[in-house]
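Have a look at the structure below, then the notes.
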Amino acid sequence: MTNRQGQTGGARCRLDVSQQEHLRHLLSQQDFWTLARIAQLVQDSFHFSYSHQGLRQLLKRMNLYYYKPQPRDYRQSPLAQEQLQQRLRATVDGLTLRAESLSQLAFGFADEFAPQLHQNRARLWSLWPGKHRSVNTNRVSQSTFGFYALQGQSIVEFMVNGKADTIKTMLQSVRTVNPTAHRIVLIWDNARSHLDQQVQRFAWQLGIYLVALPPYSPNLNPIERIWKSIRYRLSQVGLIDSVTSLQVQIKAIFEELSQSHSFAKSWIEQLLNPLYELSPVLA
1 MTNRQGQTGG ARCRLDVSQQ EHLRHLLSQQ DFWTLARIAQ LVQDSFHFSY SHQGLRQLLK
61 RMNLYYYKPQ PRDYRQSPLA QEQLQQRLRA TVDGLTLRAE SLSQLAFGFA DEFAPQLHQN
121 RARLWSLWPG KHRSVNTNRV SQSTFGFYAL QGQSIVEFMV NGKADTIKTM LQSVRTVNPT
181 AHRIVLIWDN ARSHLDQQVQ RFAWQLGIYL VALPPYSPNL NPIERIWKSI RYRLSQVGLI
241 DSVTSLQVQI KAIFEELSQS HSFAKSWIEQ LLNPLYELSP VLA
């Protein structure tokens, strides 16, 4: 017979301390659980039934975390961060051997994304339930290149395509807005156009040193967080009626967000500052 005392979630119908410890042990067998699966686990293990509200209260008392996990590609190497650290170290060591001053380097992240006219990523408040919102559902997107600078000047540009010649133009723009940087260390992914030999040579001529992220590691590129924030902010905007309006929004949001280093805080602490040893470049 099922014990249903926990359905109200009251103070007298909790699992006791030893049962909670056993439940914690059971939950440690895997990383993530849904509330429904935990409820079934409690039922199977303790013959005890909680309401969803009561179970949430129990999990909070047990100090479990409730969040949306950041996705990681299953193909990403567990040593991806160490691999990137080695590539950055090799680049900096090479520049040091060429008598380049590290204080005159500009570090930054580049990437492309293509937001559509309509984003549906934000929850909004309303006096009326189930209200529909007028949006532009034309499946039109704007290819966008961004350079998020930790030292130097950030920039966002709009592209017709992602071919090698276009990427070369984007690199020229990065160099143009950073004329005083002796060298620019640019971190980006392994897109085909990024690996193009013409692009690699052109970057070298501009004094831009390209550092490729390990495969399947977008989480190591802080500009991805800016893209995510832009998509969210776009979803809060009303009707975006044209690509021109979309461009205006993207540019304004990027220029605002790229002023802050908060998107790269952990990257700076774990990957950039160790390169400078006793003189961290950014706090």
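Once you know that position 238 of the sequence shown is 238 in full-length UniProt numbering, the rest is easy, because the numbers rise by one and skip nothing. Where is the CB? At the ideal position from N, CA and C, for every residue including glycine. Since the model is a prediction, treat every value here as computed from it, not as a measurement.
DSSP lists D111, V156 as the bridge partner or partners of G146. Comparing alpha-carbon positions, the option among W33, I226, D44 lying closest to Y67 turns out to be W33.
Pairing T176 with H261, the inter-Cα distance amounts to about 22 angstroms. In terms of Cβ geometry, I253 and R233 form a close pair [threshold 7 angstroms]. Of all C-beta pairs linking the region 104–115 to the region 197–205, fewer than three are shorter than 8 angstroms, placing the two stretches out of contact. When Cβ pairs closer than 8 angstroms are counted between the two stretches, the region 72–88 is seen to touch the region 213–226, the count reaching three or more. Counting C-beta atoms within 10 angstroms of its own C-beta, G238 has fewer than 16 neighbours from the protein chains shown and is therefore classed as exposed.
The Cβ-Cβ distance between H182 and Q76 does not fall below 7 angstroms. In the three-state scheme derived from DSSP, where H, G and I count as helix and E and B as strand, Q70 is classed as coil.
Sequence-distant Cβ neighbours of S173 in its own chain, meaning closer than 7 angstroms and more than five residues away, are I155, E157. Looking from the CA of E224, the closest CA among W188, S193, L88, Q205 belongs to W188.
Using a Cβ distance threshold of 7 angstroms, Q43 and S49 count as a contacting pair. Annotation: F145 to L171 spans about 10 angstroms, alpha carbon to alpha carbon.
Taken atom to atom, the span from the alpha-carbon of A203 to that of N161 is near 19 angstroms. Beta-carbon to beta-carbon, A264 and P222 are separated by about 4 angstroms, close enough to satisfy the 8 angstroms threshold.
For R183, the enclosing beta strand (DSSP E) begins and ends at 183–188. Measuring C-alpha to C-alpha distances from Q205 to each of Y148, A164, Q249, K168 identifies K168 as the nearest.
Per DSSP, the continuous beta strand (DSSP E) segment holding Y209 begins and ends at 208–212. With respect to the 7 angstroms criterion, L257 and S229 are classified as neighbours on the basis of their beta carbons. In the DSSP assignment, G54 falls within the alpha helix (DSSP H) that extends over 52–61.
In this structure, Y148 keeps its C-beta atom at 7 angstroms or more from the C-beta atom of I240.
The continuous alpha helix (DSSP H) containing Q81 extends over residues 80–97. Note: A106 is bridge-paired with I184 in the DSSP secondary-structure output. Excluding the 5 residues flanking it on each side, L275 has same chain C-beta neighbours closer than 7 angstroms at L88, R89, V92, in chain order. The three-state reading of DSSP puts S193 in helix, counting H, G and I together.
Fully contained in the region 237–281 are the following alpha helix (DSSP H) runs of length 4 or more, in chain order: 243–257. Going by DSSP, T176 is part of the alpha helix (DSSP H) stretching over 164–176. Short of 8 angstroms from the beta carbon of S45, and not among the five residues preceding or following it, lie these beta carbons of its own chain, in chain order: H22, L23, L26.
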